[in-house]
Amino acid sequence: MYSSRSRSAPAPFYETVKQDICKKIAGGVWQPHDRIPSEAELVAQYGFSRMTINRALRELTDEGWLVRLQGVGTFVAEPKGQSALFEVRSIAEEIAARRHQHRCEVLTLERVRANAIQASALNVNESDVIFHSIMVHYENDLPVQIEDRCVNADIAVDYLTQDYRQTTPHAYLSRIAPLTEGEHIVEAVRATAQECAWLTIKEHEPCLLIRRTTWSASRIVSHARLLFPGSRYRLQGRFIS
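Per the UniProt record's numbering, residue 1 is the first one in the sequence shown, and the count goes up by one each step.
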């Protein structure tokens, strides 16, 4: 009669590599943003095929343990940051609260005529003059947010002259037009090819999008499109009834 005694099969080679890498990260041997050995070095270290090593690294990247930058290398991922859902805070404040370094790269800072979408978002007339900016925010040199913002030029007249390496749009706007009301619309989206390049993510990677509108004294001050890579950010909100 056939014996039903169970036997535990050995773990696949790629799982062995994954477990070992996870132990090094969890144990602090490899810290966030550390560059790990290359595929070739891991092949030599473990004695497994390049295909096996590649699968282990690919799955660890998909699971949020690693970040792979094409042509640069593979790095230990930063634990997911957390963004406030109900509060209106700047990305710089959130990063500073985690005792990390923030920096901003300004891609666009311009005076434009509002198109139909921008006019509707700001409650102004189409072709009215508005200000428009696109910035990428970094946490410890890892891109974590694209901020695409249109601003009411009648309210924030000096918006284009600010040094956004030293301050943020949120900080400036809060100073000159204190917030009285805010709205968040949150959705899961797929980033454009250009946005994926700015965030150094793969084109299929899901992202979180917050559309944030802020008012001061019943007038809309700005409308921002805030895009986060889903693997690096999460939202948290709390309310009391």
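Ideal Cβ positions, reconstructed from N, Cα and C, are used throughout, including at glycine.
Residue j beta carbon less than 9 Å from that of residue i
i, j, result
"residue 155", "residue 50", "no"
"residue 137", "residue 95", "yes"
"residue 214", "residue 173", "yes"
"residue 90", "residue 151", "no"
"residue 201", "residue 188", "no"
"residue 184", "residue 211", "yes"
"residue 250", "residue 18", "Here the chain covers residues 1 to 241 and nothing more, so residue 250 does not appear."
"residue 168", "residue 92", "yes"
"residue 31", "residue 76", "yes"
"residue 144", "residue 35", "no"
"residue 41", "residue 54", "no"
"residue 139", "residue 170", "no"
"residue 227", "residue 195", "yes"
"residue 128", "residue 119", "yes"
First and last residue of the uninterrupted beta strand (DSSP E) at residue i
i, result
"residue 131", "129 to 139"
"residue 63", "Counting along the chain, residue 63 falls outside any beta strand (DSSP E), and DSSP gives it neither H nor E."
"residue 157", "Counting along the chain, residue 157 falls outside any beta strand (DSSP E), and DSSP gives it neither H nor E."
Strand pairing of residue i, partner residues [DSSP]
i, result
"residue 74", "68"
"residue 148", "134, 225"
"residue 185", "211"
"residue 102", "139"
"residue 216", "219"
Presumed contact (8 Å Cβ cut-off) between residue i and residue j, rounded CB distance
i, j, result
"residue 146", "residue 199", "7 Å"
"residue 135", "residue 105", "6 Å"
"residue 52", "residue 13", "5 Å"
"residue 114", "residue 107", "No, residue 114 and residue 107 are not in contact; Cβ-Cβ is about 20 Å, not under 8 Å."
For residue i, the first and last residue of its enclosing alpha helix (DSSP H)
i, result
"residue 17", "13 to 26"
Item checked: the segment 97 to 111 in contact with the segment 53 to 69 per 3-pair CB rule at 8 Å -> Contact fails: fewer than three Cβ-Cβ distances are below 8 Å.
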